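As they're listed, the protein sequences go chains A and B.
Per this note's numbering, the first sequence starts with residue 573, numbered consecutively.
Per this note's numbering, the second sequence starts with residue 22, numbered consecutively.
Yeah, the Cβ is synthetic: ideal placement off N, Cα and C, and Gly gets one too.
Here the structure is a predicted model, which means the values were calculated and not measured.
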Amino acid sequence: MAMLELENVHTYYGNIHALKGISMKVEKGEIVTLIGANGAGKTTTLRTITGILRPREGKVTLNGEDLSQFKAHEIVYKGVSMVPEGRGIFGRLTVSENLDMGAYSRKDKNFAPDLERIFNLFPRLKERRSQVAGTLSGGEQQMLAMARALMARPQLILMDEPSMGLAPVLVEAIFDTIVQINKEGTTVLLVEQNALMALSIASRGYVLQTGTIVLHDTAENLKKNEMVQKAYLGME
Amino acid sequence: MLKNWLKRISATDILMWGIGLIIILGVVWGSVATLSSGKYDSAAWQNLIVTGLTLGSIYALIAIGYTVVYGILRMINFAHSEIFSGGPLVAYYLARALNDNGFLAKQPIVGLVLVALFSMFISMSIAFLAERIAYRPLRKAPRLIPLITAIGVSFFLLYTYKGLFGSGIKDYPQLDILKGRTPFLGMDIQIVYIVILISAFVLLAILYSIVQFTKLGKAMRAVSEDKDTAALMGIDVDQIISATFMIGGALAGAGGFLYALMFHQVAFAMGFFPALKAFTSAVVGGIGNVVGAMIGAMFLGIIEAMGPNIFLDGLGVPAPNQLKDAIAFVLLVFILIFRPTGILGERLATKKA
Ligand SMILES: Nc1ncnc2c1ncn2[C@@H]1O[C@H](COP(=O)(O)OP(=O)(O)OP(=O)(O)O)[C@@H](O)[C@H]1O
Ligand SMILES: [Mg+2]
Numbered sequence: 573m574a575m576l577e578l579e580n581v582h583t584y585y586g587n588i589h590a591l592k593g594i595s596m597k598v599e600k601g602e603i604v605t606l607i608g609a610n611g612a613g614k615t616t617t618l619r620t621i622t623g624i625l626r627p628r629e630g631k632v633t634l635n636g637e638d639l640s641q642f643k644a645h646e647i648v649y650k651g652v653s654m655v656p657e658g659r660g661i662f663g664r665l666t667v668s669e670n671l672d673m674g675a676y677s678r679k680d681k682n683f684a685p686d687l688e689r690i691f692n693l694f695p696r697l698k699e700r701r702s703q704v705a706g707t708l709s710g711g712e713q714q715m716l717a718m719a720r721a722l723m724a725r726p727q728l729i730l731m732d733e734p735s736m737g738l739a740p741v742l743v744e745a746i747f748d749t750i751v752q753i754n755k756e757g758t759t760v761l762l763v764e765q766n767a768l769m770a771l772s773i774a775s776r777g778y779v780l781q782t783g784t785i786v787l788h789d790t791a792e793n794l795k796k797n798e799m800v801q802k803a804y805l806g807m808e
Numbered sequence: 022m023l024k025n026w027l028k029r030i031s032a033t034d035i036l037m038w039g040i041g042l043i044i045i046l047g048v049v050w051g052s053v054a055t056l057s058s059g060k061y062d063s064a065a066w067q068n069l070i071v072t073g074l075t076l077g078s079i080y081a082l083i084a085i086g087y088t089v090v091y092g093i094l095r096m097i098n099f100a101h102s103e104i105f106s107g108g109p110l111v112a113y114y115l116a117r118a119l120n121d122n123g124f125l126a127k128q129p130i131v132g133l134v135l136v137a138l139f140s141m142f143i144s145m146s147i148a149f150l151a152e153r154i155a156y157r158p159l160r161k162a163p164r165l166i167p168l169i170t171a172i173g174v175s176f177f178l179l180y181t182y183k184g185l186f187g188s189g190i191k192d193y194p195q196l197d198i199l200k201g202r203t204p205f206l207g208m209d210i211q212i213v214y215i216v217i218l219i220s221a222f223v224l225l226a227i228l229y230s231i232v233q234f235t236k237l238g239k240a241m242r243a244v245s246e247d248k249d250t251a252a253l254m255g256i257d258v259d260q261i262i263s264a265t266f267m268i269g270g271a272l273a274g275a276g277g278f279l280y281a282l283m284f285h286q287v288a289f290a291m292g293f294f295p296a297l298k299a300f301t302s303a304v305v306g307g308i309g310n311v312v313g314a315m316i317g318a319m320f321l322g323i324i325e326a327m328g329p330n331i332f333l334d335g336l337g338v339p340a341p342n343q344l345k346d347a348i349a350f351v352l353l354v355f356i357l358i359f360r361p362t363g364i365l366g367e368r369l370a371t372k373k374a
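Rendered as structure tokens:
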């Protein structure tokens, strides 16, 4: 049984048919990437998994359990965390308070080991703990969004373009962190426009085009695929 | 340079600034005239300031409800005036029962605390129900709709109170221990004012600590910034909104009880003026900002208590105290024109950016 499974999922915004029957699987321990152009429906897919949006048809299951009966905040308690698109941090809360919100779903109060791990991954955040998050730089906000998602100790983490708008050095650091997080036992579903980077750390990938999955293969094969090379890797 | 500047200024701007200038001149002129006449001695001023702070602390308790609900739903809860009055109106019956069976005379402090808690509980319940029944189903509707609904809820409650409690004024039982004056911080102050001030400050301090330091408070602030992201943290947004209404309601109920202590009476329409002033306070302080609401309320309380005597009297207005309610609304209009974000509004906005 896959950890996460989407079966023929259709999602709408009013009349707009954004996801037209998507099926995909993420196995425990994997890094899977979902790539696609602007407006393909990547964010919509993640928002459907987290329960912010509801599929009109089809279903999403987590470890075999149908998620349609749960509200968005209840799905978090099942071990799904999200790093939202455009960071989505709470700008008026401090860095520590943002991290506290990440841990909101946890019953235990023993955050010290998590904070230590997070400050190891992102030493920058440690210095800025009491700073209002809205005044962090873009890269720092991205780190905070990722750190906040980790505070929940998720089994599955969904990331929506974590490298967006970051300098190349930082992009590399962020991807290293994703690999690190995955090694420590968290399954990752990674949405990216930076297809080359995403495919270099993922085991498998799905290619989304206007609400439909047009390709699905191992990362190795996708990198060699002619269509992928043309459309997403910028090769001729 | 000057030409461009002149071009940008419209006739309305000039009119507004003109009116503002006239009001400021009037206030200064009146104050100077009063102060130089020496009509009031320092004890009289002290009294006015204490009265102002006492009123202000009650406005602050009410204003919190406006400001936290606005912060979380971007909605002005016009029914808050009736949420405020519902507590003391219902608690009146408890106060009278405790008074009639002699409990209030034997155990005045326990009795007062009981009545206060009951008042808070009633207002809290009304706030909870108003949100649950009237506002929640309209959460996704355009913003004007909940606003109109709030006015409807306000009228519904107002006339329910009138039907249930009658339109007469009811006298709250008065306690001997609250009568008279006592020295306090080197001043001679009415005991009841001290009780009101201290209770209000304790409640406001508790509220501030909740918002600032508890898991609930942080969740409230997170929800007020971004509901979807808050849900992604596992926060039950509906539950936090309910809690917000309940906190605002409980404080309004406490304010209503203290208001009844100060004026010894309650009536079905008693909520209108204090709540409108609390709303003004919230706007003056920068709506959405808890500390701003407290500062705005103190400011308004003092202006209202001192204003008539300090500047209206000096201007030769015949019955200055009759105009004290007008001052609050002149101030509201003033703030809306010249600083729509309120006292602390701007700082909040820059922090957000
Ligand atoms: N709130 C909305 N209302 C209506 N249509 C929407 C809404 N959000 C997204 N859409 C539409 O749904 C489609 C998929 O959008 P989505 O945000 O999932 O794309 P995406 O793949 O994440 O793109 P990007 O790479 O730009 O983030 C787009 O055509 C978009 O215009
Ligand atoms: Mg997107």
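Given residue i, which residues of its chain have a CB within under 8 Å of its CB, disregarding the five upstream and five downstream residues?
i	result
Gly710/A	Arg659, Gly737 and Leu738
Val751/A	Ile603 and Ile773
Val258/B	Val244, Lys248, Ala251 and Ala252
Thr666/A	Arg701, Ser702, Gln703, Val704 and Ala705
Near residue i, which residues of its chain fall below 6 Å by C-beta distance, leaving aside the five closest residues on each side in sequence?
i	result
Gly663/A	Ala705 and Gly706
Arg628/A	His582 and Tyr584
Thr790/A	Arg776
Glu669/A	none
Thr617/A	none
Specify the secondary structure class of residue i as computed by DSSP and reduced to three states.
i	result
Met596/A	strand
Glu756/A	coil
Gln781/A	strand
Asp732/A	strand
Leu343/B	This sequence places Gln at residue 343/B; Leu is not what is there. The answer is helix: DSSP assigns Gln343/B an H, G or I state.
Asn25/B	helix
Gln703/A	coil
Gly608/A	strand
Lys127/B	helix
Arg619/A	helix
Asn580/A	strand
Thr362/B	coil
Ile773/A	helix
Leu837/A	Examination of residue 837/A is not possible in this model, given that chain A is present from 573 through 808 alone.
Leu353/B	helix
Where do the ends of the beta strand (DSSP E) carrying residue i lie?
i	result
Val632/A	Glu629 to Leu634
Arg202/B	Arg202 to Phe205
Val223/B	Looking at the DSSP string, Val223/B is not in any beta strand (DSSP E); the run it does join, the alpha helix (DSSP H), is Ile212 to Phe234.
Ile331/B	No beta strand (DSSP E) holds Ile331/B; DSSP gives it neither H nor E.
Met291/B	From DSSP, Met291/B is part of no beta strand (DSSP E); its letter is neither H nor E.
Residue range of the alpha helix (DSSP H) that residue i falls in?
i	result
Asn587/A	First-last for Asn587/A: undefined, no H or E at that position.
Thr75/B	Ser63 to Leu94
Lys248/B	Lys248 to Leu253
Ile261/B	Val258 to Phe284
Ile44/B	Ala32 to Ser58
Glu798/A	Glu798 to Ala803
Glu712/A	Gly710 to Met723
Glu103/B	His101 to Asp121
Flag residue i as yes if its beta-carbon sits less than 8 Å from any beta-carbon of chain A, otherwise no.
i	result
Arg242/B	yes
Ile256/B	yes
Glu152/B	no
Thr170/B	no
Lys372/B	A caution first: Lys372/B carries a pLDDT of 40, below 50, which makes its placement in the model too unreliable to give a value.
Ala162/B	no
So, at 7 Å on beta carbons, what are the nonlocal neighbours of residue i in its own chain, with the 5 sequence-adjacent residues on each side left out?
i	result
Gly636/A	Met573
Lys290/B	It is Ala, not Lys, that sits at residue 290/B in the sequence shown. Hits under 7 Å: Leu179.
Glu579/A	Ser595, Gly630 and Lys631
Lys373/B	With a pLDDT of only 38 at Lys373/B, under 50, the local geometry of the prediction cannot be trusted, and no value is derived from it.
Thr265/B	Val89, Val90, Ile93 and Met241
Ala100/B	Ala151, Ala171, Val174, Ser175 and Leu178
Cβ of residue i within 7 Å of any heavy atom in ligand 4?
i	result
Lys614/A	Ligand 4 is not part of this structure, which contains only ligand 1 and ligand 2.
Indicate whether at least one CB of chain B lies closer than 8 Å to the CB of residue i.
i	result
Glu669/A	yes
Leu665/A	yes
Ser640/A	no
Ala724/A	yes
Residue ranges of each beta strand (DSSP E) within the segment 635 to 708 of chain A, 3 or longer: 652 to 655
Any beta strand (DSSP E) of 3 or more consecutive residues that is wholly inside the segment 133 to 211 of chain B: 202 to 205 and 208 to 211
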